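Trainee: Residue numbers for the sequence shown, in UniProt numbering: 1 to 291. For reference, the structure I am asking about is given below.
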Amino acid sequence: MPERAPRREWEYQQLEAFAGSKLPGAMVGLVYGRRRQGKSLMLHLLHQQMGGFMFAATQQSERQNLTDLGEAYARFLGLRHAIAFRSWSDALDALLNLGDEQPTSVIIDEFSHLVRTSPALPSFLQSALNPAKRHTRTRLILSGSDLPTMSRLLAANAPLYGRASLDLIVRPFGFRDAAEFWDIREPELAFRVNALVGGTPAYLAMCGGSAPATMEAFDTWGGAPDPEPGKRHVPRRRATPERGAIDHQAHALCRSHSGPERGMPSAVGDRLRAGTAEHPYPVAAHRNRPH
Ligand SMILES: Nc1ncnc2c1ncn2[C@@H]1O[C@H](COP(=O)(O)OP(=O)(O)OP(=O)(O)O)[C@@H](O)[C@H]1O
Ligand SMILES: [Mg+2]
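Structure, rendered in C-alpha cells:
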C-alpha cells in the first residue's frame, strides 16, 4: 500500500485534521463518493498513521455484521473472547467509549451496507452521541459509496443533521489531477483519455497501468476498461458511431462508455450522450475504418 494516496492530498488533510482534532466530545465524520475513488485506500492509510479501530461492513445480515464487529472490537482490545453486541445501541456505546482517554479514530467503512439492513442505525447513533458523551474524544468516521444513503444521513430531517463535523465527498479527479495521475504530459492526449475514462483512479490499473504513449496510439489503445470490472475492453469492437459522418473512434467510445448509466464518470461523455455537445476536441480527419 502506498504511504500517501497520490493526488488526494486535500482529502487526506481533511481526514487527518478530523481524526487528530483535540476538541472535547465525540465527533462524527462522513466520507462518501462513487465507487473506486480511493475512499478505503485513504481510510486504511489514516488507520495506519493514526491507529484506532477500523471495521469494514459487508453485504450481509444485521446480525452477522454485529457479530463480526464484536469480534473485531475484541481483537482490537486484545480480549480473548469476542464481544456479543446485542444491538446497535450497545455496539455504538462501546465504540464511542474507545476515545475515553485520548482522541481515537474509529472508522466504519461501507457504513451504507449497515444502514440498508438497519435503517434505524442513524437514530441509534444520534442517541449514543448524547451529551453524556462529552468525556470521550472518539472520532467516528463513517464511509460509504451508496450516495443516496450517505447523503440522506445529513439531510435536514435526518437524525444526524448538524452532527457531522466532517462531510467529505471524494470525487473523481478533475482534468489536471487525472493528467498527472496518468502521467500524461500532452494536453490533448490527457483530454482524450479523461473524456474516455473520466477521473476514477482505479481505472489506471484496470487499463493495464498506463495511458497510451502518444496521440497516434490513442485510437488503438486497448486500455478503456469495461464497465464490468475485471474485463478489459478492446476499443475497435465497441466502436459503433451512430451519427453518420462522425466516425472518429474516440468520439464513439466516449459516447458508448461514458455517462452515468455506463458507470464511467466523465463530464464530456455525459454531454455527448445527452446530445448537448458534438465534438469535444478537433478531429484531424474523418477516417473510414472497418468496425
Ligand atoms: N489516489 C490514488 N492513487 C493510487 N491508487 C488509487 C488512488 N485511489 C484509489 N486507488 C486505487 O483504486 C482502487 C480502488 O480504491 P478504493 O477501494 O480505495 O476505492 P473506494 O472508493 O473505497 O471504492 P468502493 O466504494 O468500491 O469501496 C484501489 O486499487 C486503490 O489502490
Ligand atoms: Mg471502499
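Note that beta-carbon positions come from the ideal geometry of N, C-alpha and C, so glycine has one too. Because the structure is a prediction, the values reported are computed rather than measured.
Can you tell me the Cβ-Cβ gap for GLY29 and LEU166, rounded? I've got them flagged as a contact below 8 Å.
Mentor: Locating residue 29 in the sequence shown gives position 29, counting from the first residue. Locating residue 166 in the sequence shown gives position 166, counting from the first residue. About 3 Å separates the two Cβ atoms, so the contact holds.
Trainee: Where are the alpha helix (DSSP H) runs, 4 residues long or more, that stay fully inside the segment 4 to 74, in chain order?
Mentor: Within the segment 4 to 74, the complete alpha helix (DSSP H) runs of at least 4 residues are 9 to 19, 39 to 50.
Trainee: In terms of residues, what are the limits of the alpha helix (DSSP H) holding ARG116?
Mentor: Here residue 116 corresponds to residue number 116 of the sequence shown, with the count starting at 1. Its alpha helix (DSSP H) spans residues 111 to 117.
Trainee: Is ALA213 close to ligand 1? I mean its beta-carbon at under 7 Å from any heavy atom of the ligand.
Mentor: Position 213 of the sequence shown, counted from the start, is the residue given in the question as residue 213. Answer for ALA213: no, Cβ out of range of ligand 1.
Trainee: If I measure Cβ to Cβ from ARG134 and keep anything under 7 Å in the same chain, skipping five residues before and after, which residues do I get?
Mentor: As a working mapping, residue 134 is identified with position 134 in the sequence shown. Within the same chain, ARG134 has close Cβ partners PRO24, GLY25.
Trainee: Nearest CA to the CA of THR144: which residue from ARG171, ARG137, LEU129?
Mentor: Here residue 144 is taken as the residue at index 144 of the sequence shown, counted from 1. For the sequence presented, residue 144 should be read as Gly rather than Thr. Among ARG171, ARG137, LEU129, the Cα nearest to that of GLY144 belongs to ARG171.
Trainee: Measuring alpha carbon to alpha carbon, tell me which of LEU125, LEU77, THR138, GLN49 ends up nearest GLN21.
Mentor: If you number the sequence shown from 1, residue 21 lands on position 21. It should be noted that the sequence gives Ser, not Gln, for residue 21. Selected option, being the one with the closest Cα: THR138.
Trainee: By how many angstroms is the C-alpha of ARG185 removed from the C-alpha of GLU242?
Mentor: Counting from 1 along the sequence shown, the entry for residue 242 is found at position 242. Counting from 1 along the sequence shown, the entry for residue 185 is found at position 185. Confidence at GLU242 is low in this model, with a pLDDT of 38, below 50, so its placement is unreliable and no value can be given for it.
Trainee: Let me check you understand the geometry: is the CB of ASP146 closer than 7 Å to at least one non-hydrogen atom of ligand 2?
Mentor: Translated into positions along the sequence shown, residue 146 becomes position 146. No, since every heavy atom of ligand 2 falls outside the 7 Å radius drawn around the Cβ of ASP146.
Trainee: So, for LEU72: in the same chain, excluding its five sequence neighbours on each side, which residues have a beta-carbon less than 6 Å away from its beta-carbon?
Mentor: By 1-based counting over the sequence shown, the position of residue 72 is 72. Reading off the sequence shown, one finds Ala at residue 72, where the question assumed Leu. Excluding residues up to 5 positions away in sequence, PHE55 lie with their Cβ nearer than 6 Å to the Cβ of ALA72 in the same chain.
Trainee: With hydrogens ignored, establish whether the beta-carbon of ALA57 is closer than 7 Å to any heavy atom of ligand 1.
Mentor: The sequence position of residue 57 within the sequence shown is 57, counting from 1. Taking 7 Å as the cut-off, the C-beta of ALA57 does not count as close to any heavy atom of ligand 1.
Trainee: Give the straight-line distance between the Cα atoms of GLY33 and LYS39, rounded to the nearest whole angstrom.
Mentor: Taking the first residue of the sequence shown as 1, we reach residue 33 at position 33. Taking the first residue of the sequence shown as 1, we reach residue 39 at position 39. For GLY33 and LYS39, the distance between alpha carbons rounds to 8 Å.
Trainee: Rounded to whole angstroms, what's the CA-CA distance from GLU101 to TRP88? Just pull it up for me.
Mentor: To locate residue 101, count along the sequence shown from 1; it is residue 101. To locate residue 88, count along the sequence shown from 1; it is residue 88. In a straight line, the C-alpha of GLU101 is about 23 Å away from that of TRP88.
Trainee: Straight-line CA distance for GLY174 to ALA202?
Mentor: For the purposes of this step, residue 174 is taken as the residue at position 174 of the sequence shown. For the purposes of this step, residue 202 is taken as the residue at position 202 of the sequence shown. Going from the Cα of GLY174 to the Cα of ALA202 covers about 14 Å.
Trainee: Along the beta strand (DSSP E) that carries LEU142, what are the first and last residues, could you check?
Mentor: On the sequence shown, residue 142 is found 142 positions in, with the first residue counted as 1. Run containing LEU142: 138 to 144, per the beta strand (DSSP E) assignment.
Trainee: Ligand 1 and ARG116: does the residue's C-beta get closer than 7 Å to at least one heavy atom of that ligand?
Mentor: Sequence index remark: in the sequence shown, residue 116 carries index 116 (1-based). Checking every heavy atom of ligand 1 against the Cβ of ARG116, none is found closer than 7 Å.
Trainee: From ALA190 to ALA179, what does the alpha carbon distance come to, in whole angstroms?
Mentor: Taking the first residue of the sequence shown as position 1, residue 190 is located at position 190. Taking the first residue of the sequence shown as position 1, residue 179 is located at position 179. Our two residues, ALA190 and ALA179, have alpha carbons roughly 5 Å apart in a direct line.
Trainee: Going by DSSP in three states, SER105 sits in which element: helix, strand or coil?
Mentor: Counting from 1 along the sequence shown, the entry for residue 105 is found at position 105. SER105 falls in the strand class under three-state DSSP.
Trainee: May I have all residues whose beta carbon comes closer than 5 Å to any heavy atom of ligand 1, sorted in chain order?
Mentor: ALA5, PRO6, ARG8, ARG35, ARG36, GLN37, GLY38, LYS39, SER40, LEU41, SER145, PRO201, ALA202
Trainee: Which class does PRO241 belong to by DSSP, given the choice of helix, strand or coil?
Mentor: Numbered from 1 along the sequence shown, position 241 holds the residue referred to as residue 241. For PRO241, the predicted model reports a pLDDT of 37, less than 50, meaning its position is unreliable and no value from the coordinates is stated.
Trainee: Can you give me the C-alpha to C-alpha distance between TYR112 and GLU216, rounded to a whole angstrom?
Mentor: For the purposes of this step, residue 112 is identified with residue 112 of the sequence shown, where counting begins at 1. For the purposes of this step, residue 216 is identified with residue 216 of the sequence shown, where counting begins at 1. Note that residue 112 corresponds to Ser in the displayed sequence, not to Tyr. One C-alpha to the other measures close to 43 Å.
Trainee: In angstroms with no decimal places, state the Cα-to-Cα distance between LEU154 and LEU160.
Mentor: As a working mapping, residue 154 is identified with position 154 in the sequence shown. As a working mapping, residue 160 is identified with position 160 in the sequence shown. Roughly 6 Å separates the two Cα atoms.
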